[in-house]
Every structure is written in structure tokens, then in C-alpha cells.
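The structure under discussion appears below in the form of C-alpha cells.
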Amino acid sequence: MATLELHGVEKRFGPASILAGIDLALADGEMLVIVGASGCGKSTLLRLVAGLETPSAGRIVLDQRDITQLDPAARDIAMVFQNYALYPHMSVFDNMAYALRIRGLSRNEIAAQVQATAELLGIGALLARKPRQLSGGQRQRVAMGRAIVRSPKLFLFDEPLSNLDAKLRVQMRAEIRRLQRRLGVTSLYVTHDQVEAMTLGDRLLVLEGGRAAQLATPMEVFARPATVYVAGFIGAPAMNFLPAALLPGGAVQLSGGQVVAVPGAVGSPGAVTLGVRPEHVSLADGGIPLAVELVEPLGSETLVHGRMADGTALLAKLPGAAPVGDQVAVALAPDALHLFDAASGRRL
Amino acid sequence: MRTDWLAHSVLCAGVLLFALPVWLVLAGSTQPADAIARGELSLVPDLRGLGIYADVLRAGGPGVTPLWRMLLVSFGMALAIALGKIVISVLSAYAVAFFRWPGRTLAFWVIFLTLMLPVEVRIIPTYSVMAGLGLINSFTGLTLPLIASATATLLFRQVFLAVPDELVEAARMDGAGPLRFLRDILLPVSAPNLAALFVILFVYGWNQYLWPLLVATDPRLDTVVIGIVKMIGSEAQTEWNRVMAAAVLALLPPVAVVLLMQRWFVKGLAEGDK
Chain A
1 MATLELHGVE KRFGPASILA GIDLALADGE MLVIVGASGC GKSTLLRLVA
51 GLETPSAGRI VLDQRDITQL DPAARDIAMV FQNYALYPHM SVFDNMAYAL
101 RIRGLSRNEI AAQVQATAEL LGIGALLARK PRQLSGGQRQ RVAMGRAIVR
151 SPKLFLFDEP LSNLDAKLRV QMRAEIRRLQ RRLGVTSLYV THDQVEAMTL
201 GDRLLVLEGG RAAQLATPME VFARPATVYV AGFIGAPAMN FLPAALLPGG
251 AVQLSGGQVV AVPGAVGSPG AVTLGVRPEH VSLADGGIPL AVELVEPLGS
301 ETLVHGRMAD GTALLAKLPG AAPVGDQVAV ALAPDALHLF DAASGRRL
Chain B
1001 MRTDWLAHSV LCAGVLLFAL PVWLVLAGST QPADAIARGE LSLVPDLRGL
1051 GIYADVLRAG GPGVTPLWRM LLVSFGMALA IALGKIVISV LSAYAVAFFR
1101 WPGRTLAFWV IFLTLMLPVE VRIIPTYSVM AGLGLINSFT GLTLPLIASA
1151 TATLLFRQVF LAVPDELVEA ARMDGAGPLR FLRDILLPVS APNLAALFVI
1201 LFVYGWNQYL WPLLVATDPR LDTVVIGIVK MIGSEAQTEW NRVMAAAVLA
1251 LLPPVAVVLL MQRWFVKGLA EGDK
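Structure below.
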């Protein structure tokens, strides 16, 4: 258990900048989820903390100790890999015991710790098996066990659930969260899955092109996304983005001509992007006309894909099995609108 | 049905082509030497002549040491060559596959070049070097030059490169140093390849002829391959049944190694979790 700090961490491979000036501070026991599209540098950031790569600049501090140049083995950090990376020739017991053996623990201590961790994860009956005799979910548990048994200062998770099927993923997601809370180990969790990010993290770090686009709690990121990129990434189905022009006095004019009131909107008049989540679009007589292209009834809700008069696509998520014709009129919830600068993509 | 029949007859012909000479040697070894010399070689073994095997093992033949001794020399040589080559190849492949150091690419190509220089090509300079080191007529002289080539480095490099990066990283996170990783993870994971290569190298070592002929003139260092040739004297005096018995005996250890190791590496392959 420990605190983790990153100060201006950068990584360049030759001329290519992978990470630029990342600053972070994790409190003891906090779980921070690093999320972003592939190639945004999230795995590289994890590998820098692990010690598998060396930063080009900046410092990494774990528990008040500068570990930037330390060997991975000397950092007391455990990592759960995407493909589990279990040693194929070793039994589950040996896989979990390996790090303890290297540390020179006695046979009895090792057996006791492995046994206790295996019970915690519900894999006590599998200790004699080889990894190839395990299912995906069981391998995942063993990989977690291998990390937990060392009682490290920091856990690193590198997309640990991406190889599981959907049902198991939901189950393991909840289990990881429970375990992390119970063990109270400071954790970094990398994922490209926004649901995992929302449910697992105490805080989210959204990376875009090697830069921190936003660092905040999941609900804050959801409610007040800092950029168009963050807004489009967090939330499913993704937010609608409508080109618009900011008018003086708290309103915008859509490219189709309709004027939408945006309470509290300030800024110099000019081109903006109006963001609205599909769940904040509702049917309303006399609203914005929408030509319906596709209706997806999901039971508890109905997704309506439509186009406005000027051709801008708009997705609406309506509660229940809403009867929808070819042509509807919709309204955008005024208190759930997001305004972004059209050029920079930043929140206004 | 007709195609089956055709295929099987081709296969049977192939089997005969390979098996008949071996059978001929086996049958011939049990028959009287003068009968073979007259060209009356029967395809039916004469069970009364089986005693020749014990005799060849114990006493050898005219001008050679007992066969058990030559088999022992051959076995020692083949084993030393196979193990020596594996040790060198594993270490050099480990270095070029997992570590970044100045001159790595150069080193790899130099190693690769030795593949183009088999023993026969460099035999005169090698002999001169061995003579300079005073290793003529010694077991070291017999084996060392055959070990000192990197036949298997290329193969192991490919095997090692196929080991997932995550496995290497997991071991680093667990605190395993380079030698520990080699011993605990890399070698066990590569075990089927090690077994397969051991078989190939053992047979390669066992069949060496030219180098032992040159470097070891002392009869105590005669390998069984050399011994068989020595037993074939002038045409009239050759006791062909002895030669054939010796050939059969020389065949057994490599066959045994292949059978034993085959079991092992097929098991290893079948257990792989690919």
C-alpha cells in the first residue's frame, strides 16, 4: 500500500512522442483507471510505472521513493497482463509461488501465502493444475493471484479482461473491484472499455494522443467532459455532436437554423460544437424535425437513428418501446447540453 | 479402392527399399563368413550364428579393439557433441535474442557464417590448431572442433523469439534475473525443441567419420564407424558376418536415442498449450 506520483513523465521512441508531460498523484488505496483509444499511450504509461520501459523525462515516485531508474524487480509492483502470461510449464501453485521463491521465503511461508490467496480467489482446488487445463476465467484468477500473493505496494492491470467473454467480463469486473477495495492496494488499471473505466475507477485519466485530456472522477468525466474526445469516448451510445454557432445571450443556432437555448452559455460568438447525449434527446411536439433512418428496440429502451434537415446525424435513446414513425420531432434537454469550441474541441 | 491399392503398393515399395538392406545385414550377420564371400547370402537368418554378436562385442575383429569399447567411444563423442553444441547454441541464441548490446547484429552474422563452414571445409586449419594445442589423439581433440560451431543457434534464436514478451516481462516483475529466467522459464518452455535438437545432433555426432579418422590414430580412440571400416580388410580376408554384426550394433544406440527422445518430445509438443 502506497502513494504513487508521476511528475512530468514523457516517453519518446526516436522522434515519435508517445507520452507528453503526464502528472499524476494517487492516494493510498486509490484505483485510477487509464482509458483511451488504442495508441493513446496508456499501455506505455503502465509499462513506465512497471519499469519495463524507462521514461525519456520526468520522475516516478512510489511511497516517497524515486523509482524512475529502478529495475522492475526492485519496485515491489505486481502486474496482471492482458494474456495472463502464466508460466505454461508450471502448476498454478508454482506460478503463484515463483516470486516468493525468488525472494527466498521458506517453504512453509510460501505454501501458507499461496494457499490463503488461492482461497481468496476461489482457486484453491486448482493449485495442482497446469495453466492449459484452466478456462479463461480461471487463468485470469491465477494471474490475479500471482499479483496478490506478493502483497505489492502497487497493482498494475493491463486490460486484464479483454480476453474474456462478455458475461465473464462483467463478473470479473465486479470481483476485481471488490478485491481491490478489500486489499486496499493502490492500483493503476488500463482499459479501452469505457464501462470498465466508469465502474472500476475512483478516478479516470483519459489519454488522448499521449496527453492527459481529463483527470477526474467517473461521474465528473461523464457529466462535464473536458473535450469533444472525452465526451465521445465516455458514455454509450456515444454523445451526439452538432455543429452550431454561439449567439449572444445563452443560445446556439444549429446549422439547420433552429435556435436552442443553452442556459449559462458564455463566450464570444462563433463556431461551436453542441454535445448532447442520446438519453437527453426526447420526443416533443413542435421540436426539431428528425427523419428516422433506423429504429433499434432494445426492450428497456429504443434507439432512434435519425437525420436533421441539414443532414446532421442524431441518435436518440427513448425509454421503453416508443412507437416511432418516419418523421419525429425532438427536443434537447437544456440542462444536459455540452458546448465545445469547434476549433480546439475544448469545453466552453 | 483402386487408388488405395496403388498408394499402398507405392508405400510398401518404399518401406522395402529402406528395410531390405537392413534386413540383409541382420540376416547376413548370422551366416558363415565363407558362405557370404561365395555370394550365397540367404534372406533367412541362421539362428545358430547369433553368437557372433557376443563375440564381436567382446573381441572385436582382426586389427581392431573390442566393439564395446568402440561403442563407448562413439557414445561419449556423440553425447559430448550434442550436449556441447546445445549449451553453446542456447547461450549464444539467448544473448542475441534477448539482450541489446553493441555489436549484436555483427555477432549474429558471424555466428551465422559458421553455418557455411562445416568441418570438412575447415578441416586442415582445424587440424593444425588442434595439433598446436597438443590435442591430437585425445578425446578433447575428437569432440571440441565438432562442438565449436553454432549449428543450432539460428534455430534457438527463432524458438526464443517466439516466446511471448509478456512471459519475459512477467518473470522480470517477479524478480527473476537473466540466468534464473533462462533456467526456470526459457529452457523448460523450449524443452520439446531441446529434445528434438538433441536427437539430430546425437545422430550427427555418431555418424562422424572424416574428423575422427584424421585426428585419432590411436586405436583406443577408434569410434565404431572407424572400426567398421578397419574391419573391412582386403576383399578375400574380410569376415563379412563380423562386419555386418558390428554394423547392426552400431545402429542400435542412435535408434534407441531417437525412440526414447521421440516419446519425450512428442509428449512435450502434445502438452503445449497452443
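From first to last, the protein sequence lines stand for chains A and B.
Mapped onto the working numbering, the consecutive letters of the first sequence carry residue numbers 1 to 348.
Mapped onto the working numbering, the consecutive letters of the second sequence carry residue numbers 1001 to 1274.
Built from N, CA and C at the ideal position, the CB exists for glycine as well.
Under the three-state DSSP convention, the category residue 1081 of chain B falls into: For the purposes of this step, residue 1081 of chain B is identified with residue 81 of the second sequence, where counting begins at 1. In this structure, residue 1081 of chain B counts as helix in the three-state DSSP scheme.
Contact set for residue 31 of chain A: own chain, Cβ-Cβ below 7 Å, skip 5 residues either direction: Translated into positions along the first sequence, residue 31 of chain A becomes position 31. Answer for residue 31 of chain A: 180, 187, 189, 200, 201, 202, listed in chain order.
Close Cβ partners of residue 92 of chain A (< 6 Å) along its chain, the five nearest in sequence each way excluded: Start at 1 with the first residue of the first sequence, and residue 92 of chain A comes out as number 92. Closer than 6 Å at Cβ, skipping near neighbours: 126, 127, 129, 142.
Interface residues of chain B facing residue 103 of chain A [CB-CB closer than 8 Å]: By 1-based counting over the first sequence, the position of residue 103 of chain A is 103. Ordered by position in chain B, the residues that pass the 8 Å Cβ test against residue 103 of chain A are 1175.
Residue range of the beta strand (DSSP E) that includes residue 11 of chain A: The sequence position of residue 11 of chain A within the first sequence is 11, counting from 1. It spans 4 to 13 - the beta strand (DSSP E) in which residue 11 of chain A sits, taken as one unbroken run.
C-alpha distance - residue 1031 of chain B paired with residue 1057 of chain B, whole-angstrom precision: Sequence index remark: in the second sequence, residue 1031 of chain B carries index 31 (1-based). Sequence index remark: in the second sequence, residue 1057 of chain B carries index 57 (1-based). So the alpha carbons of these two residues sit roughly 17 Å apart.
CB contact check: residue 308 of chain A to chain B, cutoff 8 Å: If you number the first sequence from 1, residue 308 of chain A lands on position 308. Judged by the 8 Å Cβ criterion, residue 308 of chain A is not in contact with chain B.
For residue 347 of chain A, the three-state DSSP class (helix, strand or coil): One-based indexing of the first sequence puts residue 347 of chain A at position 347. Reduced to three states, the DSSP call for residue 347 of chain A is strand.
Reduced DSSP category for residue 1258 of chain B - H, G, I as helix; E, B as strand; rest coil: Here residue 1258 of chain B refers to the residue found at position 258 of the second sequence. For residue 1258 of chain B, the secondary structure class from DSSP, reduced to helix, strand or coil, is helix.
Of the listed residues A/335, A/122, A/295, A/326, nearest to residue 262 of chain A (C-alpha basis): Numbered from 1 along the first sequence, position 262 holds the residue referred to as residue 262 of chain A. The candidate whose alpha carbon is nearest that of residue 262 of chain A is A/335.
Neighbour flag for residue 85 of chain A against chain B, beta carbons, 8 Å: Here residue 85 of chain A refers to the residue found at position 85 when the first sequence is read from its first residue. With 8 Å as the cut-off, residue 85 of chain A counts as an interface residue toward chain B.
Buried or exposed (CB count within 10 angstroms, at least 16 for buried), residue 81 of chain A: By one-based count along the first sequence, residue 81 of chain A stands at place 81. Residue 81 of chain A is buried by the Cβ-count criterion.
Per-residue contacts from residue 78 of chain A into chain B (C-beta, under 8 Å): Taking the first residue of the first sequence as 1, we reach residue 78 of chain A at position 78. Correct list: 1173.
Between the CA atoms of residue 300 of chain A and residue 307 of chain A - distance to the nearest angstrom: As a first step, residue 307 of chain A must be located in the first sequence, where it is residue number 307. As a first step, residue 300 of chain A must be located in the first sequence, where it is residue number 300. If you take the alpha carbons of residue 307 of chain A and residue 300 of chain A, they lie about 23 Å apart.
Where residue 89 of chain A meets chain B, residues with beta-carbon distance less than 7 Å: Walking along the first sequence from the start, residue 89 of chain A turns up at place 89. The answer, in chain order, is 1188, 1189.
Chain B residues whose Cβ lies nearer than 9 Å to that of residue 157 of chain A: Walking along the first sequence from the start, residue 157 of chain A turns up at place 157. Neighbours of residue 157 of chain A on chain B: none; closest Cβ ~13 Å, over 9 Å.
Distance, residue 88 of chain A Cα to residue 1023 of chain B Cα: Working through the second sequence from its first residue, we reach residue 1023 of chain B at position 23. Working through the first sequence from its first residue, we reach residue 88 of chain A at position 88. Per the coordinates, the alpha-carbon of residue 1023 of chain B lies some 44 Å from the alpha-carbon of residue 88 of chain A.
Which residues DSSP lists as bridging residue 96 of chain A, in chain order: On the first sequence, residue 96 of chain A is found 96 positions in, with the first residue counted as 1. According to DSSP, residue 96 of chain A bridges with nothing at all.
For residue 17 of chain A, the residue or residues it bridges with in DSSP: For the purposes of this step, residue 17 of chain A is identified with residue 17 of the first sequence, where counting begins at 1. A/12, per the DSSP bridge assignment.
Cβ-based burial, residue 217 of chain A [other Cβ within 10 Å; buried from 16]: As a first step, residue 217 of chain A must be located in the first sequence, where it is residue number 217. By the neighbour-count rule (16 or more Cβ atoms within 10 Å), residue 217 of chain A is not buried but exposed.
Test: residue 1161 of chain B CB closer than 8 Å to a CB of chain A: What you label residue 1161 of chain B is simply residue 161 of the second sequence in a count that begins at 1. With 8 Å as the cut-off, residue 1161 of chain B does not count as an interface residue toward chain A.
Proximal residues, the stretch 22 to 54 of chain A versus chain B, C-beta separation under 7 Å: 50, 52
Contact set for residue 1160 of chain B: own chain, Cβ-Cβ below 6 Å, skip 5 residues either direction: The sequence position of residue 1160 of chain B within the second sequence is 160, counting from 1. Closer than 6 Å at Cβ, skipping near neighbours: 1093, 1097.
Alpha carbon of residue 288 of chain A to alpha carbon of residue 281 of chain A, nearest angstrom: As a first step, residue 288 of chain A must be located in the first sequence, where it is residue number 288. As a first step, residue 281 of chain A must be located in the first sequence, where it is residue number 281. Between residue 288 of chain A and residue 281 of chain A, the C-alpha separation is close to 10 Å.
Any 3 or more C-beta pairs closer than 8 Å across the stretch 102 to 118 of chain A and the stretch 50 to 63 of chain A: no
Residue 163 of chain A versus residue 83 of chain A: straight-line alpha-carbon distance, rounded: Within the first sequence, numbered from 1, the residue matching residue 163 of chain A stands at position 163. Within the first sequence, numbered from 1, the residue matching residue 83 of chain A stands at position 83. Roughly 7 Å separates the two Cα atoms.
Proximity test, Cβ basis, 8 Å: residue 98 of chain A and chain B: Translated into positions along the first sequence, residue 98 of chain A becomes position 98. So yes, residue 98 of chain A belongs to the interface.
CB contact below 8 Å: residue 1192 of chain B versus chain A: Here residue 1192 of chain B refers to the residue found at position 192 of the second sequence. Not closer than 8 Å to any Cβ of chain A, the Cβ of residue 1192 of chain B fails to qualify, so no.
Chain B within 8 Å of residue 350 of chain A, Cβ atoms only: For chain A, the structure presents residues 1 to 348; residue 350 of chain A sits outside this window and is missing.
Reduced DSSP category for residue 79 of chain A - H, G, I as helix; E, B as strand; rest coil: Taking the first residue of the first sequence as position 1, residue 79 of chain A is located at position 79. Strand, per DSSP.
Buried versus exposed, by CB contacts within 10 Å (16 or more), residue 1272 of chain B: Residue numbering aside, residue 1272 of chain B sits at position 272 when the second sequence is read from its first letter. The predicted model places residue 1272 of chain B with a pLDDT of 48, which falls under 50 and marks its position as unreliable, so this point remains unresolved.
For residue 208 of chain A: DSSP bridge partner residues: For the purposes of this step, residue 208 of chain A is taken as residue 208 along the first sequence, with counting starting at 1. Residue 208 of chain A is bridged to A/211.
Length of the line joining the Cα atoms of residue 1253 of chain B and residue 1075 of chain B: To locate residue 1253 of chain B, count along the second sequence from 1; it is residue 253. To locate residue 1075 of chain B, count along the second sequence from 1; it is residue 75. Approximately 8 Å between the Cα atoms of the pair.
Extent of the continuous alpha helix (DSSP H) run through residue 1055 of chain B: Translated into the one-based positions of the second sequence, residue 1055 of chain B becomes position 55. Looking at the DSSP string, the run of the alpha helix (DSSP H) that includes residue 1055 of chain B is 1051 to 1059.
Partner residues on chain B for residue 349 of chain A, Cβ-Cβ distance less than 9 Å: An answer regarding residue 349 of chain A cannot be provided, because it is not within the stretch 1 to 348 covered by chain A.
Spatial neighbours of residue 1244 of chain B in its chain, beta-carbon cut-off 7 Å, leaving aside the 5 residues before and after: Within the second sequence, the letter at position 244 stands for residue 1244 of chain B. When the five nearest sequence neighbours on each side are left out, the beta carbons in the same chain lying within less than 7 Å of the beta carbon of residue 1244 of chain B are those of 1025, 1028, 1029, in order along the chain.
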